[in-house]
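Residue numbering for the sequence shown follows my numbering, beginning at 2 and increasing consecutively. All C-beta atoms, glycine included, are put in the ideal place defined by N, C-alpha and C. Being a predicted model, the structure only gives us computed values, none of them experimental. Reading through the structure tokens given below for one structure.
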Amino acid sequence: MKIRKIIAVLMFRIDWKKLVFIGAILTVFRMMFQISTLPYPLSEWILFPPSDISSSRNLNDEKNLRELPASQDMRFNLIQHAPLVISLNSTDRLSEAQQVLETQEKVSRQRKNRKHVNAVDKVIFSSSPVRNMSNHMLRYIASLTPDEALAYAKQEIENAPLVTDDQDLYTPLFRNVSLFKRSYELMELILKVYIYKEGKRPIFHQPYLRGIYSSEGWFMKLMEESRQFVTRDPQKAHLFYLPYSARQLQKARYVVNSHDLKPLSVFLRNYVNMLASKYPFWNRTRGSDHFLVACHDWGPYTLKDHEELSRNTIKALCNADISEGIFVSGKDVSLPETTIRNPRRPLRNLGGKRVSQRPILAFFAGNMHGLVRPKLLKYWRDKDESIRIYGPLPHRVSKVMSYPEHMKSSKYCLCPMGYEVNSPRIVEAIYYECVPVIIADNFALPFSEVLNWTAFSVVVSEKDIPRLKEILLSIPLRRYQVMQNNVKMLQKHFIWNSKPTRYDLFHMILHSIWVSRLNQLQVLQIS
Numbered sequence: 002m003k004i005r006k007i008i009a010v011l012m013f014r015i016d017w018k019k020l021v022f023i024g025a026i027l028t029v030f031r032m033m034f035q036i037s038t039l040p041y042p043l044s045e046w047i048l049f050p051p052s053d054i055s056s057s058r059n060l061n062d063e064k065n066l067r068e069l070p071a072s073q074d075m076r077f078n079l080i081q082h083a084p085l086v087i088s089l090n091s092t093d094r095l096s097e098a099q100q101v102l103e104t105q106e107k108v109s110r111q112r113k114n115r116k117h118v119n120a121v122d123k124v125i126f127s128s129s130p131v132r133n134m135s136n137h138m139l140r141y142i143a144s145l146t147p148d149e150a151l152a153y154a155k156q157e158i159e160n161a162p163l164v165t166d167d168q169d170l171y172t173p174l175f176r177n178v179s180l181f182k183r184s185y186e187l188m189e190l191i192l193k194v195y196i197y198k199e200g201k202r203p204i205f206h207q208p209y210l211r212g213i214y215s216s217e218g219w220f221m222k223l224m225e226e227s228r229q230f231v232t233r234d235p236q237k238a239h240l241f242y243l244p245y246s247a248r249q250l251q252k253a254r255y256v257v258n259s260h261d262l263k264p265l266s267v268f269l270r271n272y273v274n275m276l277a278s279k280y281p282f283w284n285r286t287r288g289s290d291h292f293l294v295a296c297h298d299w300g301p302y303t304l305k306d307h308e309e310l311s312r313n314t315i316k317a318l319c320n321a322d323i324s325e326g327i328f329v330s331g332k333d334v335s336l337p338e339t340t341i342r343n344p345r346r347p348l349r350n351l352g353g354k355r356v357s358q359r360p361i362l363a364f365f366a367g368n369m370h371g372l373v374r375p376k377l378l379k380y381w382r383d384k385d386e387s388i389r390i391y392g393p394l395p396h397r398v399s400k401v402m403s404y405p406e407h408m409k410s411s412k413y414c415l416c417p418m419g420y421e422v423n424s425p426r427i428v429e430a431i432y433y434e435c436v437p438v439i440i441a442d443n444f445a446l447p448f449s450e451v452l453n454w455t456a457f458s459v460v461v462s463e464k465d466i467p468r469l470k471e472i473l474l475s476i477p478l479r480r481y482q483v484m485q486n487n488v489k490m491l492q493k494h495f496i497w498n499s500k501p502t503r504y505d506l507f508h509m510i511l512h513s514i515w516v517s518r519l520n521q522l523q524v525l526q527i528s
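Shown next, in the form of structure tokens:
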């Protein structure tokens, strides 16, 4: 009876609608409190459950990765947290995905257990312009082996998003600005270079920063100072740098007037053999993932005593002559030759005059090296007031107008080869905003894999020197104005900066080496 009375009271005296409403509100508040305490947003947790949710998880690292700068210019057409399988076939297999997941977890455990992490590797890509990339994608890329990362980069470049307007890149200068931009960003994101510590000064690790061979020294200086690209762990390296100076080698080992380069080539042969016996990295690829940077004219010829060094290594050379069988287009890199008179002020005299203040049609002054320059002098010295051709600039002329002023007052600056195909006048012309006229039949132009040289220069065949004025006058004024403006826009890509900036000469050279490394990959056709 008591139970029946209690049930009757509950049935008729309690307002059940109010009770249910209050219970619903309490339930909602409890759910919101629980969601706020989760380590991940609920939507992200449901859609993409993380592989490791642990109380020991480093949430500060997670926060840092989330705060990386973002931009719409760099997009990955991938699910944010889905593992990306480096496979060149048309289908992705479940087993391959599982293997990648297991590899990621293994790498993650190894990193947690590692006691000593060098400063370069502590922050993942912190100095790179990582854009619109999830933290899981960044950690995934960091977990890849060097070969896997290169394969991933190559596929990403081939599927580069279209770039129509970029404030940092002037589109008319490039063959394909979309591919270049994507490749450059991936280089910043991925590339790691190991620099061998072996080798004594002055030949090794002592950059020569002055004169016409200074490009190799400036690259060495900035490469060894780089915290972004250099790794102390050779297992992580995509490239290995041989840090010697061809100019310092010539000064230290060449016997004056001997005309014998054998001591130089034997020295390099012994150096490479020492590295090959001490480390496994050279023998692993026969030197194909190693590179050197040499601007001295003799640079190519000092490699001949070591077949793998000459044939396999990526060679960045000022003397980029495609006719001699040493420099190989598509594999090797044409190194711009820059004349630096004052290392503390490498950008001295940079800039030029307006088109209306350039009365001279074409100008050249220099020593009569080789066969091309005497031919130029024969046909054009004192033959035409608008074409000023000299040997070394006479004192009576330089008193009135200096060499830089001649270039700044000329529409076209002639850059004929000397003993070798390269000439520092190409970069000088760019510095002085003068359209370069290149006369060197077998010269591989710098950065030709990305730059469209027809947009800002004229290439004249050696046999057409007698027709030089006719060729230059056939270029319409409007076309010349466009080319001259393009030269101005090009300057930033040929400038040495004490602290490198994006797209400057240091980065352009490194990008060409990066492209050469990517070109080594054999991509299987989709079946």
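query, result
"Leu-180 versus Asp-169, Ile-158, Leu-192, residue with shortest Cα-Cα distance", "Ile-158"
"Assumed close pair Leu-362, Lys-412 - CB separation to whole angstroms, cut-off 8 Å", "6 Å"
"DSSP state of Ala-317 mapped onto helix, strand, coil", "strand"
"Beta-carbon proximity check, Ser-410 vs Arg-359, cutoff 9 Å", "yes"
"Neighbour flag for Ser-330 against chain C, beta carbons, 9 Å", "The structure shown contains no chain C; it is built from a single protein chain."
"Nearest-angstrom beta carbon gap, Leu-210 and Leu-341 [assumed within contact, 8 Å]", "Per the sequence shown, the amino acid found at residue 341 is Ile instead of Leu. Rounded, the Cβ-Cβ distance is 6 Å, consistent with contact."
"According to DSSP, residues forming a beta bridge with Leu-240", "Val-194"
"The region 455–462 / the region 481–494 touching (three or more Cβ pairs under 8 Å)", "yes"
"Cβ pair Ala-445, Ser-424 closer than 9 Å", "no"
"For Leu-522, three-class secondary structure by DSSP", "coil"
"Best match in Gly-392, Leu-139, Gln-251 for proximity to Leu-190 [C-alpha to C-alpha]", "Leu-139"
"Separation of Ser-144 from His-137, as counted between CA atoms", "10 Å"
"For Pro-405, the first and last residue of its enclosing beta strand (DSSP E)", "Here Pro-405 belongs to no beta strand (DSSP E); instead the alpha helix (DSSP H) covers 404–409."
"Proximity winner among Cys-414, Glu-421, Asn-443, relative to Pro-437 (alpha-carbon distances)", "Cys-414"
"Pairwise C-alpha distance: Leu-240 and Thr-286", "11 Å"
"Residue interval of the alpha helix (DSSP H) (run including His-291)", "Run containing His-291: none in the alpha helix (DSSP H); it sits in the beta strand (DSSP E), 291–295."
"Which of helix, strand or coil DSSP assigns to Ile-388", "strand"
"The beta strand (DSSP E) enclosing Ala-456, as first and last residue numbers", "Here Ala-456 belongs to no beta strand (DSSP E), and DSSP marks it neither H nor E."
"Beta-carbon proximity check, Lys-332 vs Ser-517, cutoff 9 Å", "yes"
"Cutoff 8 Å; reference Phe-507; Cβ partners in own chain excluding five residues on either side", "Trp-219, Phe-220, Leu-223, Met-224, Trp-497, Asn-498, Pro-501"
"Straight-line gap, His-291 to Phe-495 (C-alpha atoms, nearest Å)", "24 Å"
"Reduced DSSP secondary structure (H/G/I, E/B, other) of Asp-465", "helix"
"DSSP three-state assignment for Val-516, whether helix, strand or coil", "helix"
"Of the residues Gln-521, Lys-470, Glu-434, Pro-467, the one placed nearest Leu-491, counting alpha carbons only", "Glu-434"
"Sub-9 Å separation of Val-294 and Glu-199 beta-carbons", "no"
"As assigned by DSSP and simplified to three states, the class of Gly-353", "coil"
"Phe-268 (DSSP reduced to helix, strand or coil)", "helix"
"Cα-Cα separation between Val-256 and Gly-392, rounded to whole angstroms", "29 Å"
"Rounded straight-line distance, which links the Cα of Glu-186 to that of Ile-431", "25 Å"
"For Phe-302, three-class secondary structure by DSSP", "Note that residue 302 is Tyr in the sequence shown here, rather than Phe. Three-state result, Tyr-302: helix."
"Of the residues His-370, Ile-315, Pro-264, Ser-475, the one placed nearest His-512, counting alpha carbons only", "Ile-315"
"Cα-Cα separation between Gly-371 and Arg-426, rounded to whole angstroms", "16 Å"
"Buried or exposed (CB count within 10 angstroms, at least 16 for buried), Arg-397", "exposed"
"Per-residue DSSP class, three states only, for Phe-22", "helix"
"Near the ligand GDP: Leu-151 beta-carbon under 8 Å from a heavy atom", "The ligand GDP is not among the ligands present in this structure, which contains no ligands whatsoever."
"Distance between beta carbons of Phe-364 and Met-418, contact taken as under 8 Å", "With 8 Å as the limit, Met-418 and Phe-364 do not qualify as a contact, their Cβ atoms being about 17 Å apart."
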